[in-house]
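**Student:**
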Amino acid sequence: MFGKEAGIFVASGTMGNLLAIMAHCQRGDEIIVGRHNHIHRWEQGVSATTIDVNGEGTMKIEDIEESIRVRDNHMPNTRLICLENTHNYAGGRALPLEYLKSVRELASRHGLSVHIDGARIYNAAITLGVNISDIAQQADSVMMCFSKGLGAPVGSILVGSKTFVEKARRSRKALGGGWRQAGILAAAARVALDNAESTIRRDHANAQKLAAGINVATPDHLKNAITAQEAGITNMVLLKCSNGISPAQVQKFLESRGVLVMVFDATRVRIVLNWGVSEKDVEKVLKVYSDFIASISNHIAV
Numbered sequence: 684m685f686g687k688e689a690g691i692f693v694a695s696g697t698m699g700n701l702l703a704i705m706a707h708c709q710r711g712d713e714i715i716v717g718r719h720n721h722i723h724r725w726e727q728g729v730s731a732t733t734i735d736v737n738g739e740g741t742m743k744i745e746d747i748e749e750s751i752r753v754r755d756n757h758m759p760n761t762r763l764i765c766l767e768n769t770h771n772y773a774g775g776r777a778l779p780l781e782y783l784k785s786v787r788e789l790a791s792r793h794g795l796s797v798h799i800d801g802a803r804i805y806n807a808a809i810t811l812g813v814n815i816s817d818i819a820q821q822a823d824s825v826m827m828c829f830s831k832g833l834g835a836p837v838g839s840i841l842v843g844s845k846t847f848v849e850k851a852r853r854s855r856k857a858l859g860g861g862w863r864q865a866g867i868l869a870a871a872a873r874v875a876l877d878n879a880e881s882t883i884r885r886d887h888a889n890a891q892k893l894a895a896g897i898n899v900a901t902p903d904h905l906k907n908a909i910t911a912q913e914a915g916i917t918n919m920v921l922l923k924c925s926n927g928i929s930p931a932q933v934q935k936f937l938e939s940r941g942v943l944v945m946v947f948d949a950t951r952v953r954i955v956l957n958w959g960v961s962e963k964d965v966e967k968v969l970k971v972y973s974d975f976i977a978s979i980s981n982h983i984a985v
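Numbered according to the working numbering, the sequence shown spans residues 684 to 985.
Written out as structure tokens, the structure is:
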């Protein structure tokens with residue numbers, strides 16, 4: 684599936700990413716990661732040089748290269764480049780394969796390792812029309828989550844070389860992840876993989892239908908105030924809010940009608956499609972969204 688020598692089951696994607704960093708790096712080492720990558724924003728941070736991320740979730744190759752430190756006793760040693768595919772903060776965008784190859788080539792030139800936070804790598808592979816192994820071969824290690832789009836109750840997998848996985852396995856024990864009950868959870872993850880492709884393709888289709896439907900339901904005079912991102916959709920829909928409409932306002936109205944969404948940041952609402960959301964559910968969301976638009980249509984000056 685990944686084309687790697689070995690893998691271990693872990694409790695969460697955060698644990699998988701932490702184990703990867705621990706296996707690749709030593710005390711005094713540093714990673715390069717995007718400023719809006721999950722590893723930096725939502726995993727309590729690490730010793731990292733952060734780089735701006737564009738709307739597609741990528742970091743500029745030249746920015747990565749400029750961030751690689753020269754070997755100097757006054758500085759940490761750059762050891763690892765971390766990517767995220769698909770990119771959560773960019774709205775589930777899949778990083779292009781050619782971009783991954785460029786990062787891999789740069790890392791090899793400088794003797795660095797590459798880790799992919801692939802919590803939703805299955806979504807990326809389907810969107811790009813490639814195998815997961817085509818993405819994974821551009822990195823030394825990959826983490827994939829079983830409990831997001833795949834629908835398992837809990838768990839992730841971390842893969843890499845045998846040597847890498849043995850290091851990660853030892854650290855996993857120290858972090859409390861060497862649990863004897865893991866087999867039950869891993870079995871659920873195995874079941875999730877059986878229907879993964881059809882489930883994710885359905886999620887992508889539902890997300891595209893939802894984004895398009897939201898934009899159709901938004902009248903012209905409000906399109907500058909609220910719009911759904913349609914480009915590069917996988918299983919997420921981001922609503923961009925401005926001109927008197929706040930993400931909290933959208934979230935509160937939708938929740939009052941039984942639709943749970945997330946205030947993503949100061950200007951955006953995130954809606955995630957998953958195995959438990961049907962096409963009928965999408966139609967309900969569109970109906971509730973239309974009700975929201977009707978409730979504000981005469982009160983927003985744009």
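Ideal Cβ positions, reconstructed from N, Cα and C, are used throughout, including at glycine. Because the structure is a prediction, the values reported are computed rather than measured.
#1: Does the segment 794-806 come within contact of the segment 766-778, defined as at least 3 CB pairs closer than 8 Å?
#2: So is Ile928 buried or exposed if we call it buried at 16+ other beta carbons inside 10 Å?
#3: Output needed for Lys850: all residues of its chain with C-beta closer than 7 Å, excluding positions within five of it in sequence on either side, in chain order.
#4: Just reading off the alpha helix (DSSP H) that Ala911 is part of, what are its end residues?
#5: By DSSP's criteria, Gly690 is part of a beta bridge. Which residues make up the other side?
#6: Since Ser939 is in the beta strand (DSSP E), which residue starts that stretch and which ends it?
#7: By the 10 Å Cβ neighbour count, where 16 or more other Cβ atoms means buried, how is His770 classified, buried or exposed?
#8: Please classify Thr846: is it buried, with 16 or more other beta-carbons within 10 angstroms of its beta-carbon, or exposed?
#9: Do you know how far the Cα of Asn806 is from the Cα of Ile734?
#10: Assuming the contact rule is C-beta atoms closer than 8 Å, Gly838 and Phe685 should be a hit. Round their C-beta distance to whole Å, please.
#11: State the CB to CB distance for the pair Ile744 and Leu789, rounded to an integer number of angstroms; the pair is presumed to be in contact (CB under 8 Å).
#12: Going by beta carbon distance, what residues of the same chain come within less than 8 Å of Asp823, once the five residues before and after it are set aside?
**Tutor:** With the structure as the only source:
#1: Yes: at least three Cβ pairs fall under 8 Å.
#2: Within the sequence shown, numbered from 1, the residue matching residue 928 stands at position 245. Counting Cβ neighbours within 10 Å, Ile928 comes out buried, since at least 16 surround it.
#3: By 1-based counting over the sequence shown, the position of residue 850 is 167. Listed in chain order, the non-local C-beta contacts of Lys850 below 7 Å within the same chain comprise Ala706, local neighbours out to five positions each way being set aside.
#4: The count along the sequence shown starts at 1 and reaches residue 911 at position 228. According to the DSSP assignment, Ala911 belongs to no alpha helix (DSSP H) but to the beta strand (DSSP E) extending over Ile909 to Ala911.
#5: Along the sequence shown, one-based indexing puts residue 690 at 7. For Gly690, the pairing in a beta bridge is given by DSSP as Val842.
#6: Numbered from 1 along the sequence shown, position 256 holds the residue referred to as residue 939. Per DSSP, Ser939 belongs to no beta strand (DSSP E); it is in the alpha helix (DSSP H), Pro930 to Ser939.
#7: Sequence index remark: in the sequence shown, residue 770 carries index 87 (1-based). It is buried - the Cβ of His770 has at least 16 other Cβ atoms within 10 Å.
#8: For the purposes of this step, residue 846 is taken as residue 163 along the sequence shown, with counting starting at 1. Flag for Thr846 reads exposed.
#9: Along the sequence shown, read from residue 1 onward, the residue named residue 734 stands at position 51. Along the sequence shown, read from residue 1 onward, the residue named residue 806 stands at position 123. CA-to-CA, the gap between Ile734 and Asn806 works out to about 24 Å.
#10: In the sequence shown, the residue the question calls residue 838 occupies position 155. In the sequence shown, the residue the question calls residue 685 occupies position 2. For a cut-off of 8 Å, the C-beta gap from Gly838 to Phe685 is around 16 Å, too long to register as a contact.
#11: On the sequence shown, position 61 is the one that residue 744 refers to. On the sequence shown, position 106 is the one that residue 789 refers to. Separation of the CB atoms of Ile744 and Leu789 is rounded to 6 Å, and the pair is thereby assigned contact status at 8 Å.
#12: The residue you call residue 823 lines up with position 140 of the sequence shown. Hits under 8 Å: His707, Ser796, Val797, His798, Gly843, Ser844 and Phe847.
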